[in-house]
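Letter by letter, the sequence shown follows residues 1351 to 1519 of the numbering used here.
Ideal placement from N, C-alpha and C gives every residue a C-beta, glycine not left out.
Shown next, in structure tokens, is the structure this report addresses.
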Amino acid sequence: RFLTAGNFAQRPFLYIDGDESFTKKGIEEVIGAEKSMKRNSNDDFYQKFIAIEDYANFNSFLQNGFSVLYQSNEEEKGLVSWFVQDETDFQRILVIANESMPTEVVNKQIIEGKSVYNSEIIIPQGFNITKKLIFENNKLLEVNTFIEEKLCFNELKPAEFHIFILEKI
1351 RFLTAGNFAQ
1361 RPFLYIDGDE
1371 SFTKKGIEEV
1381 IGAEKSMKRN
1391 SNDDFYQKFI
1401 AIEDYANFNS
1411 FLQNGFSVLY
1421 QSNEEEKGLV
1431 SWFVQDETDF
1441 QRILVIANES
1451 MPTEVVNKQI
1461 IEGKSVYNSE
1471 IIIPQGFNIT
1481 KKLIFENNKL
1491 LEVNTFIEEK
1501 LCFNELKPAE
1511 FHIFILEKI
């Protein structure tokens, strides 16, 4: 939902019926001989998923803006970041993430994701971070903060992400 109007934006979603209550057939049988991941009750994930969806659905900036890659994973450490901005470029949303998944199945082998350590993101000239988006009470809320030069992260766990709002000075 935070990849808007770019080459890969608004791509189709595939929601898988995890308990096969509708399809009466396991997804493994439909798409091939896949290794089934163990089932997990992860309410925290679903609450964050719904909070992000709600925030994006009611945010005109996200609906009308476009995404620009800021820092790619060229060093293959897992750290990526991108902006969502609009034509005026007065405000930007910065998303920073560890693109490594907590657990991934590759060629029927389970691979554990890796954390990213001691990372820095330089804030572009002419901008300051004025807000951070946090999860609270099952909602994504904007909290005032002020950061001028750079963001430092001691550790970003697999699939961990942070969202900031930047404003032009």
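Within the continuous alpha helix (DSSP H) that includes ILE1471, where are the two ends? Residue mapping note: residue 1471 aligns to position 121 of the sequence shown, counting from 1. It is not in any alpha helix (DSSP H) - ILE1471 instead sits in the beta strand (DSSP E) that spans 1466-1472.
Span of the beta strand (DSSP E) around ALA1449: Locating residue 1449 in the sequence shown gives position 99, counting from the first residue. Ala is not the amino acid found at residue 1449; the sequence shown has Glu there. Boundaries cannot be given for GLU1449, as no beta strand (DSSP E) includes it and DSSP labels it neither H nor E.
Looking at GLU1505 and ILE1473, is the spacing between their C-beta atoms short of 8 Å? The sequence position of residue 1473 within the sequence shown is 123, counting from 1. The sequence position of residue 1505 within the sequence shown is 155, counting from 1. Cβ atoms of ILE1473 and GLU1505: not closer than 8 Å.
Beta-carbon proximity of GLN1421 to GLU1517, cut-off 8 Å: By 1-based counting over the sequence shown, the position of residue 1421 is 71. By 1-based counting over the sequence shown, the position of residue 1517 is 167. It is not a contact, given that the beta carbons lie outside the stated cut-off.
Are the beta-carbon atoms of ILE1443 and ILE1471 separated by less than 8 Å? On the sequence shown, residue 1443 is found 93 positions in, with the first residue counted as 1. On the sequence shown, residue 1471 is found 121 positions in, with the first residue counted as 1. Not closer than 8 Å, so no.
On a Cα-Cα basis, can you pick out the residue from ILE1513, GLU1437 and LYS1507 that is closest to LYS1561? Because the chain is modelled from 1351 through 1519, residue 1561 falls outside the range shown and cannot be assessed.
What residue range is occupied by the uninterrupted beta strand (DSSP E) comprising ILE1532? Nothing can be reported for residue 1532, as the shown portion of the chain is limited to 1351 through 1519.
Would the beta-carbon of VAL1430 fall within 8 Å of that of GLY1415? Here the question's residue 1430 lines up with position 80 in the sequence shown. Here the question's residue 1415 lines up with position 65 in the sequence shown. Cβ distance not < 8 Å, so VAL1430 and GLY1415 don't count as in contact.
Can you give me the Cβ contacts of ASN1558 inside the same chain, cut-off strictly under 8 Å, excluding the 5 residues immediately before and after it? Examination of residue 1558 is not possible in this model, given that the chain is present from 1351 through 1519 alone.
Over what stretch of residues does the alpha helix (DSSP H) that includes GLU1403 continue unbroken? For this step, residue 1403 is matched to residue 53 along the sequence shown. From DSSP, the alpha helix (DSSP H) with GLU1403 extends over 1393-1407.
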